[in-house]
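Presented below is the structure to which this report refers.
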Amino acid sequence: MKFAPGERICARTTCDEGFPIVRYGTVNAVVTADGPLIVVFDDEMGADLVDLSEVENLSITSISLVLSGVDLADDPDLRQGLCALWQAEAASADIKIDAIHLLGAGLRDSNDTWALAEVRSGGETYVVRVHTDPNAANDVTLRADLPRRWD
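Taking the working numbering, I'd label the letters of the sequence shown as residues 757 to 907.
Shown next, in the form of structure tokens:
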């Protein structure tokens, strides 16, 4: 993946205790074509050297929250609050949301997915969904992606 100065990025890594860390920032410089980037993160004054393996382009679909507690997806009352968490994360990443249409307690999208809201950003429509993962027994993932169209 190629990056250029001025591009917004999402960096995913882990802290010393092994917990995931997600940070948002702007590419300041590209050291080498396949080497690290110099990134100015939104929450820091200086720049950091960041390995390419930790970086992805920032977009509405790269905003992803992994939360503990399958009950967040199973319980309709808890599920209704998840979209606000996703909106807060999108705002912290400086993603512009043009419009949002909440779907109440969500619509069952598949055996392991609930659609929570339709979101307009950059002229495109996305659906915010909560996914349960049978391989991660207690985790749910909250993210936006393109709507599924079957017609």
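Yeah, the Cβ is synthetic: ideal placement off N, Cα and C, and Gly gets one too.
Original post:
So who's on the other strand from A873, going by DSSP bridges?
Top reply: By one-based count along the sequence shown, residue 873 stands at place 117. Per DSSP, L858 and V884.
**OP:** Using a threshold of 7 angstroms, state whether the C-beta atoms of N894 and V822 are closer than that.
**Re:** For the purposes of this step, residue 894 is identified with residue 138 of the sequence shown, where counting begins at 1. For the purposes of this step, residue 822 is identified with residue 66 of the sequence shown, where counting begins at 1. Against a cut-off of 7 angstroms, the Cβ pair of V822 and N894 comes out as no contact.
**OP:** Name the one or two DSSP bridge partners that G781 has.
**Re:** Mapped onto the sequence shown, residue 781 falls at position 25. According to DSSP, G781 bridges with I765 and F797.
Original post:
If we count the other Cβ atoms within 10 Å of its Cβ and call it buried at 16 or more, is R864 buried or exposed?
Top reply: Position 108 of the sequence shown, counted from the start, is the residue given in the question as residue 864. R864 is exposed by the Cβ-count criterion.
Original post:
Any chance the stretch 802-813 sits against the stretch 757-773, with 3 or more Cβ pairs inside 8 angstroms?
Top reply: The stretch 802-813 vs the stretch 757-773: in contact.
**OP:** Using 10 angstroms around the beta-carbon of C771, count the other beta-carbons present and answer buried if the total reaches 16, otherwise exposed.
**Re:** For the purposes of this step, residue 771 is identified with residue 15 of the sequence shown, where counting begins at 1. Counting other Cβ atoms within 10 Å of its Cβ, C771 stays below 16 and is therefore classed as exposed.
Subject >> Distance, S848 Cα to T881 Cα >> reply: As a working note, residue 881 is residue 125 in the sequence shown. As a working note, residue 848 is residue 92 in the sequence shown. The straight-line gap from Cα to Cα measures roughly 20 angstroms.
Subject >> Among K758, S824 and S820, nearest to L793 - alpha-carbon criterion >> reply: By one-based count along the sequence shown, residue 793 stands at place 37. Ranking the options by Cα distance to L793, first place goes to K758.
Original post:
With a Cβ-Cβ cutoff of 7 angstroms, do E874 and V883 count as a contact?
Top reply: Here residue 874 refers to the residue found at position 118 of the sequence shown. Here residue 883 refers to the residue found at position 127 of the sequence shown. Yes, these two residues count as a Cβ contact at 7 angstroms.
**OP:** Would you kindly report the start and end of the unbroken beta strand (DSSP E) that includes S824?
**Re:** As a first step, residue 824 is located in the sequence shown; it is residue number 68 there, counting from the start. S820 to S824 is the extent of the beta strand (DSSP E) around S824.
Original post:
Whole-angstrom Cβ separation of A846 and I816, contact assumed at under 8 angstroms?
Top reply: As a first step, residue 846 must be located in the sequence shown, where it is residue number 90. As a first step, residue 816 must be located in the sequence shown, where it is residue number 60. Between A846 and I816, the beta carbon gap of about 7 angstroms places them in contact (Cβ cut-off 8 angstroms).
**OP:** Give me the Cα-Cα distance between T888 and G791, rounded to the nearest whole angstrom.
**Re:** Locating residue 888 in the sequence shown gives position 132, counting from the first residue. Locating residue 791 in the sequence shown gives position 35, counting from the first residue. If you take the alpha carbons of T888 and G791, they lie about 35 angstroms apart.
Original post:
Sorted by chain position, which residues of the same chain lie with C-beta nearer than 6 angstroms to L898's C-beta, five sequence neighbours on each side aside?
Top reply: If you number the sequence shown from 1, residue 898 lands on position 142. If we look at L898 and ignore the five residues flanking it on each side, its Cβ neighbours are L821, L838, W842 and V886.
Original post:
So what does DSSP say about D830, is it helix, strand or coil?
Top reply: What you label residue 830 is simply residue 74 of the sequence shown in a count that begins at 1. Note: D830 maps to helix in three-state DSSP.
Subject >> Which of helix, strand or coil DSSP assigns to T817 >> reply: For the purposes of this step, residue 817 is taken as the residue at position 61 of the sequence shown. It is helical.
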